[in-house]
Amino acid sequence: MKLGNVLIPVANLDEAIAFYGLPVKFRDGDRFAALDGGGVTVALAGPAEHVTASVAPSYKVDDVADAVRELTARGGEVVREPEKGPHEIRAVLRDPSGNVFVLYQPL
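In full-length UniProt numbering, the protein residues as written are 1 to 107.
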């Protein structure tokens, strides 16, 4: 696993981009924007892409299904099963302490 970004669900993408004031690396309409956080990507998720209800780290993996199996065997809990998004396969899990995180695999 490699930290890919910090996912922040937002109500309005334009307002959030203006608020954070970071350079935009990628944008997909009102769905998603990746901002250059200087070492980590700040991922703003518009309402259509809310996969978590709060800020969550997102980890890039080679195979989401394999990573889900491995992490649940170590005590993780699946919050959202692996699903295909517009640019990735993703799943949402909770660690044994209750913290939510996202796993993703680019398409």
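We put the beta carbon where it would ideally sit given N, CA and C, even for glycine. None of these values were measured; they are calculated from a predicted model.
- In the structure shown, threonine 52 adopts coil according to DSSP, grouped into three states.
- Along the UniProt domain "VOC" (2-106), the alpha helix (DSSP H) occurs as fully enclosed runs of 4 or more residues at 13-20 and 64-73, listed in sequence order.
- Proline 82 sits close to isoleucine 89, with the two beta carbons spaced by under 7 Å.
- For the pair valine 10 and alanine 73, the Cα-to-Cα distance works out to about 32 Å.
- Between leucine 7 and alanine 45, the C-beta gap is smaller than 7 Å, which places the two residues in contact.
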